[in-house]
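Participant: Letter by letter, the sequence shown follows residues 2 to 247 in this note's numbering. Submitted below is the structure of interest, expressed as structure tokens.
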Amino acid sequence: MIEVTNVSRSFKEKKTVIDAVKDLSFTISKGEVVGLLGENGAGKTTLLRMISTMLEPTDGQIFINGIDIHKEPMKIKRSIGVLFGSETGLYDRLTARENLAYFAKLYGLGSHETKNRIDYLAARFGMKEFLDRKVGGFSKGMRQKVTIARTLIHDPDVILLDEPTTGLDITSANMFRELIHQLKKEGKTIIFSSHIMEEVKQLCESIIMIHKGQMVFEGHIEQLYKEEESTDLNYIFMSRLVRGNR
Ligand SMILES: Nc1ncnc2c1ncn2[C@@H]1O[C@H](COP(=O)(O)OP(=O)(O)OP(=O)(O)O)[C@@H](O)[C@H]1O
Ligand SMILES: [Mg+2]
Numbered sequence: 002m003i004e005v006t007n008v009s010r011s012f013k014e015k016k017t018v019i020d021a022v023k024d025l026s027f028t029i030s031k032g033e034v035v036g037l038l039g040e041n042g043a044g045k046t047t048l049l050r051m052i053s054t055m056l057e058p059t060d061g062q063i064f065i066n067g068i069d070i071h072k073e074p075m076k077i078k079r080s081i082g083v084l085f086g087s088e089t090g091l092y093d094r095l096t097a098r099e100n101l102a103y104f105a106k107l108y109g110l111g112s113h114e115t116k117n118r119i120d121y122l123a124a125r126f127g128m129k130e131f132l133d134r135k136v137g138g139f140s141k142g143m144r145q146k147v148t149i150a151r152t153l154i155h156d157p158d159v160i161l162l163d164e165p166t167t168g169l170d171i172t173s174a175n176m177f178r179e180l181i182h183q184l185k186k187e188g189k190t191i192i193f194s195s196h197i198m199e200e201v202k203q204l205c206e207s208i209i210m211i212h213k214g215q216m217v218f219e220g221h222i223e224q225l226y227k228e229e230e231s232t233d234l235n236y237i238f239m240s241r242l243v244r245g246n247r
């Protein structure tokens, strides 16, 4: 379970202050898949970075499974898997397998468990053919698969994905969507940001919509459809943004 209470984050740039996230509160239950929507610069990545413990809020608190993550980050790190679309964090000079083994080690996995996880994830993502090739020569989609595998290497309970399907072809994106279903069945808690409304519709029962750092909607997608008397998420999104925060 993730509990976000009155969380804000601002950045100082010279004399101006940028309020990237403003007073957000929400709760996500175990086993829930939540879509995070918002325009470029809305604060999605900032929010996910804070939930991942990478960035401290200026205000407010975040609890995961009852633990204040910024007070006791070490207690919770192993339960969180993160993927940030723009940065793969992979080492070009290592093979995919070596990269995954490296991250497994950072999380304290033993060699037997590491091997099992790598085999499982390689099969899952169709990575077997290039598992022993150096990442430096990989295509964008190949890298993204390794990055997703890296996110899941330690079998985390809470999974944070920032635009995870960017760069994937249709087959890989479908594979990814199937994986989300599987992870949900396993009781994982997942937040993922996306600009692809169809994807959000298919995968999430709940959404968080933010605009200029503020909450626009938080709750069940069905509730939103009811409120807006429409199931066209693109249309709803645009009209909510025009109307702003209510
Ligand atoms: N380290 C930083 N220093 C200064 N400003 C920042 C920093 N990180 C984020 N911001 C600002 O915070 C705001 C929110 O950025 P953020 O990256 O969270 O948006 P986003 O919703 O992820 O956008 P996108 O869809 O383009 O990825 C932007 O105005 C951005 O410039
Ligand atoms: Mg972003």
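In this text, a Cβ means the ideal position worked out from N, Cα and C, and glycines have one as well. Predicted model, so just to flag it, every value in this text is computed and none were measured.
Looking at the unbroken alpha helix (DSSP H) that takes in residue 234, where does it start and where does it end?
Facilitator: Segment 234-244, the alpha helix (DSSP H) holding residue 234.
Participant: Alpha carbons only, please: which of 48, 34 and 67 is nearest the one belonging to residue 58?
Facilitator: Check the Cα spacing between residue 58 and each of 48, 34 and 67: the tightest is with 48.
Participant: Which complete beta strand (DSSP E) runs does the region 205-235 hold, if anything under 3 residues is left out?
Facilitator: 207-212 and 215-221
Participant: Assuming residue 219 contacts residue 64 under a Cβ cut-off of 8 Å, what Cβ separation, rounded to an integer in Å, is found between them?
Facilitator: About 17 Å separates the two Cβ atoms, so there is no contact after all.
Participant: Please say whether residue 160 and residue 108 have beta carbons closer to each other than 9 Å?
Facilitator: no
Participant: Throw me the rounded Cβ distance for the residue 43 and residue 214 pair, which I believe falls under 8 Å.
Facilitator: 7 Å
Participant: So, using beta-carbon positions, are residue 37 and residue 31 closer together than 9 Å?
Facilitator: no
Participant: Just checking residue 194 against ligand 2 - is the residue's beta carbon closer than 8 Å to any of the ligand's heavy atoms?
Facilitator: With a cutoff of 8 Å, residue 194 counts as near ligand 2, since its C-beta is closer than that to a heavy atom of the ligand.
Participant: Taking just the CA atoms, how far does residue 152 sit from residue 89?
Facilitator: 10 Å
Participant: Just tell me which of 17, 11 and 206 has its CA closest to the CA of residue 23.
Facilitator: 11
Participant: Any chance the region 71-87 sits against the region 131-143, with 3 or more Cβ pairs inside 8 Å?
Facilitator: no
Participant: Where DSSP assigns a beta bridge to residue 13, which residues make up the other side?
Facilitator: Paired residue(s): 18.
Participant: For a test of your reading of the model: does the CB of residue 188 fall under 8 Å from any non-hydrogen atom of ligand 2? Yes or no.
Facilitator: no
Participant: Rounded to a whole number of angstroms, what is the C-alpha to C-alpha distance between residue 3 and residue 29?
Facilitator: 5 Å
Participant: When every heavy atom of ligand 1 is checked, does at least one fall within less than 8 Å of the C-beta of residue 252?
Facilitator: Nothing about residue 252 can be read from this structure; the chain reaches only from 2 to 247.
Participant: In whole angstroms, what separates the C-alpha of residue 225 from that of residue 194?
Facilitator: 18 Å
Participant: Given the structure, does residue 168 come close to ligand 2, in the sense that its CB is under 8 Å from one of the ligand's heavy atoms?
Facilitator: no
Participant: For the beta strand (DSSP E) containing residue 60, name the first residue and the last one.
Facilitator: 60-65
Participant: Please report the residue range of the beta strand (DSSP E) in which residue 194 lies.
Facilitator: 190-194 is the span of the beta strand (DSSP E), which, as asked, contains residue 194.
Participant: Within 10 angstroms of the Cβ of residue 124, are there 16 or more other Cβ atoms? Answer buried if so, exposed if not.
Facilitator: Looking at its Cβ environment, which holds fewer than 16 other Cβ atoms inside 10 Å, residue 124 is exposed.
Participant: Threshold first: 4 residues or longer. Then list the alpha helix (DSSP H) segments lying entirely within the region 69-123, N to C.
Facilitator: 74-77 and 97-107
Participant: Compute the beta-carbon to beta-carbon distance between residue 91 and residue 144, rounded to the nearest angstrom, for a pair I have assumed lies under 8 Å.
Facilitator: 6 Å
Participant: Closer than 8 Å to a non-hydrogen atom of ligand 2 - does that hold for the CB of residue 179?
Facilitator: Taking the Cβ of residue 179 as the reference point, every heavy atom of ligand 2 lies at 8 Å or farther away.
Participant: Using a threshold of 8 Å, is the CB atom of residue 32 nearer than that to any non-hydrogen atom of ligand 1?
Facilitator: no
Participant: Which residues share a DSSP beta bridge with residue 202?
Facilitator: Looking at the DSSP assignment, residue 202 forms no beta bridge with any residue, so it has no partner.
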